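Student:
Residue numbers (our numbering): 9 to 358.
1) Going by beta-carbon coordinates alone, are residue 343 and residue 309 separated by less than 7 Å?
2) Can you grab the Cα-Cα spacing for the pair residue 160 / residue 12, in whole Å?
3) What residue does the alpha helix (DSSP H) around residue 127 start on, and which one ends it?
4) Do residue 187 and residue 88 have their C-beta atoms within less than 7 Å of each other?
5) Rounding to the nearest angstrom, what Cα-Cα distance links residue 244 and residue 252 in this structure?
6) If you measure between the beta carbons of residue 99 and residue 192, is that distance less than 7 Å?
7) Select from 144, 274, 323, 233 the residue whose C-alpha is nearest the C-alpha of residue 59.
8) What is the C-beta distance between residue 139 and residue 105, in whole angstroms, given that I count them as a contact (C-beta under 8 Å)?
9) Any contact of the segment 34–53 with the segment 190–209, i.e. 3+ C-beta pairs under 8 Å?
10) Does DSSP classify residue 251 as helix, strand or coil?
11) Would you list the residues sitting across from residue 192 in a DSSP beta bridge?
12) From this set, 49, 224, 158, 10, which residue's C-alpha is nearest residue 315's C-alpha?
13) Let me check one thing: in DSSP terms, what residues is residue 119 bridge-paired to?
14) Quick test of the definition: if touching needs 3 or more C-beta pairs under 8 Å, does the segment 215–224 touch the segment 70–78?
15) Report yes or no: do the segment 232–240 and the segment 282–291 share at least 3 C-beta pairs separated by less than 8 Å?
16) Taking C-beta to C-beta, are residue 291 and residue 276 nearer than 7 Å?
17) Which residues bound the alpha helix (DSSP H) around residue 40?
18) Cα separation between residue 26 and residue 62?
19) Using 10 angstroms around the beta-carbon of residue 85, count the other beta-carbons present and answer buried if the total reaches 16, otherwise exposed.
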């Protein structure tokens, strides 16, 4: 993703929620009108975001850390990071946080003729404003790969030795008044080889160089706890590591059940107005356990399950979500395999 794509992602308006239709209004539509309504509803549902207490706490902590870094004297800064299992929703959650910060920080900026934020460092001089840099690492990434991705974000060449491209990346960050550099998939940094120490040392060096500019480095990665990155003494002394995990829902744990039902209820409140035969408690009471069994507490999977079941319930004229609608939805291979294994655990060899 480069700066242009990131800007477009941030400023693109979210789909507008379509009107709530009664069964009578639905029946009065032509086939074409029904298709159009379902298409608009599908677009809106695809962008649903489930707000959780845990996500809100991480957002507030990230924002507070970035602010503290900006206010503190030049030097190595606190290093906020988010860890968690694969596919738990780390990147999705942090992209939302970064988008909110980007829109906040460009709100009062001057815009060029194409609507891009700019500033004027001197009379007669115009520069693009890029307060957020977001990069995604590739497998077995080395130092030059990291700085190369940053230069790619700015659409700048990444030719030359590591020191040259590193200085070019720092210069671009300073020139465009970047406040936060986000590195996603940081677990792909190649640290398990003879040059691994150099990679870790560069992370520390890069954080210090950014810190001298008042810029925060934010890391996102899978299972960072116990990794070379998190156990390096110098990095660990700066690291502020949060963990995102699937939501448990043990049948005999009241706290687990309440937290999960709160998520199911939030989804129910979003889709119920579009299901005129649906009743309160349709999901968060009657189907809460099934929703967890199918998704294993992964927010992305349960959101997909409910949104697709909503469309299924409209298509067959039920206009309320039942178990059969959940059964028609195919989730990720991870979710389907785990659901099958839990329902039919493999038999032990005798």
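Idealized CB from N, CA, C, for every residue including glycine.
Please read all numbers here as calculations on a predicted model, not as lab measurements.
Tutor: Let's see:
1) yes
2) Distance between the alpha carbons of residue 160 and residue 12: 11 Å.
3) Where residue 127 is concerned, there is no enclosing alpha helix (DSSP H), although the beta strand (DSSP E) it sits in stretches over 125–130.
4) The Cβ atoms of residue 187 and residue 88 lie no closer than 7 Å to each other.
5) 18 Å
6) yes
7) 274
8) Contact check for residue 139 and residue 105: beta-carbon distance about 13 Å, past the 8 Å limit, so the pair fails to qualify.
9) Verdict: no, contact absent.
10) strand
11) 144
12) 49
13) 125
14) yes
15) no
16) In this structure, residue 291 places its C-beta atom within 7 Å of the C-beta atom of residue 276.
17) 39–53
18) 29 Å
19) buried
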